[in-house]
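Have a look at the structure below before the remarks.
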Amino acid sequence: MGVGTGVIRGHLVTLRRFLLTFWQDIRAGRGLKRRGGGPLLVDLFRSPGRGKEPTVVQDYKTAGLFTVEYPDERLPVYERFRVLPVLIYDTEDGNVRCTSCNICAKVCPPQCIWMSQAKSPKGTVVPLPEDFYIDMDVCMNCGLCSEYCPFDAIKMDQNFELSNYERHQTHIFNLQDLLVSSEFYAKTHPEAWNSADEVAERNKVAKKKDQRLQKALAASKPGPAAAKPAPAPKPVKA
Ligand code: SF4
Ligand code: SF4
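Going left to right, the sequence shown walks through residues 5 to 242 as our numbering numbers them.
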């Protein structure tokens with residue numbers, strides 16, 4: 005065998021595969037369609053709108069070269085795919101689940117979470133975050149914060165399109181940036197949301213929330229002595 009013939013043969017195999025792909029597409033009537041498999045005709049100016057791009061799957065039936073024409077086509081995002089943490093608030097009552105207990109900040113390996121606890125007008129601490137920050141450039145997507153949170157308040161999200169033109173301030177997400185509704189989480193993580201573990205956890209958290217509410221209500225009620233001022237003694241007639 006001459007020197008280099010193996011390389012040439014390899015290139016010929018690739019070229020054959022490349023041409024076959026076009027031929028197969030033309031025979032199957034997909035000549036004018038996106039090669040990734042999306043249902044759109046080849047178009048330069050039309051777009052279905054952000055977030056509505058067709059999802060493309062390369063399974064065992066797909067033959068030939070396969071290119072996902074991102075961002076016009078996308079690969080599916082699987083439920084367990086995780087990027088950055090979000091904080092959950094309950095859709096029904098708008099209650100922010102986080103109690104500002106600081107556990108997530110303590111377990112975070114690169115220490116990229118910090119928060120301040122809310123205070124009542126009297127200056128006593130309230131189990132809510134006044135603000136909550138995560139430095140998204142430092143976060144290593146490990147998910148430990150969500151594993152350790154005792155209130156099911158912090159979860160991993162799947163959004164990976166986070167780039168912008170500023171890398172100092174905008175990548176430090178605050179409470180408003182981090183909050184997402186429980187409804188949103190249920191849609192992006194249907195399997196986890198309906199799992200026995202999560203249902204039990206939700207019930208546990210709801211019970212704790214109710215206990216806290218009852219405690220707060222009891223504390224705000226005036227005591228039996230202060231409830232009704234004692235009637236002034238009637239003047240005794242001589
Ligand atoms: S997200 Fe969870 S672990 Fe972190 S401070 Fe809030 S309640 Fe605590
Ligand atoms: S995912 Fe990991 S690195 Fe990121 S905030 Fe949570 S614990 Fe920290």
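Idealized CB from N, CA, C, for every residue including glycine.
None of the values given here were measured: they were computed from a predicted structure.
Cβ distance (whole Å) where residue 150 is taken to contact residue 138 below 8 Å: Taking a contact as a CB-CB distance under 8 Å, the pair residue 150 and residue 138 does not count as one, their CB atoms being some 12 Å apart.
Spatially closest choice to residue 117 from 126, 109, 32, by CA coordinates: The option with the nearest alpha carbon to residue 117 is 109.
Sequence-distant residues of its chain with Cβ nearer than 6 Å to residue 84 (five each side left out): No residues qualify anywhere along the chain.
Contiguous alpha helix (DSSP H) assignments of at least 4 residues, all confined to the region 176 to 228: Taking only runs of at least 4 residues, the alpha helix (DSSP H) segments lying wholly in the region 176 to 228 are 179 to 182, 186 to 192, 194 to 197, 200 to 224.
C-alpha gap between residue 148 and residue 91, whole angstroms: CA-to-CA, the gap between residue 148 and residue 91 works out to about 14 Å.
Distance, residue 111 Cα to residue 152 Cα: Between residue 152 and residue 111, the C-alpha separation is close to 8 Å.
Start-end ranges of the alpha helix (DSSP H) lying completely within the region 53 to 122, minimum 4 residues: Those alpha helix (DSSP H) runs which fall completely within the region 53 to 122 and span 4+ residues are 107 to 111.
Collapsed DSSP secondary structure at residue 237 in the structure displayed: Interpretation of residue 237 is limited by its pLDDT of 49, a score under 50 that renders its predicted location unreliable; no figure is taken from the coordinates.
Burial state of residue 167, where buried means 16 or more other Cβ atoms lie within 10 Å: Classification of residue 167: exposed, given that the 10 Å Cβ count is below 16.
Under 7 Å between C-beta atoms of residue 106 and residue 135: No, they are not a contact pair.
Separation of residue 200 from residue 133, as counted between CA atoms: Residue 133 and residue 200: Cα-Cα distance of roughly 28 Å.
Distance between residue 99 and residue 217 (C-alpha atoms, nearest Å): Rounded to whole angstroms, residue 217 and residue 99 show a C-alpha spacing of 12 Å.
Beta carbon proximity, residue 135 to chain C, threshold 7 Å: Protein chains in the displayed structure number just one, and chain C is not present.
Proximity test, residue 128 beta-carbon vs ligand 1 heavy atom, cut-off 6 Å: The answer is no for residue 128.
Residue range of the unbroken beta strand (DSSP E) whose run includes residue 134: Residues 129 to 139.
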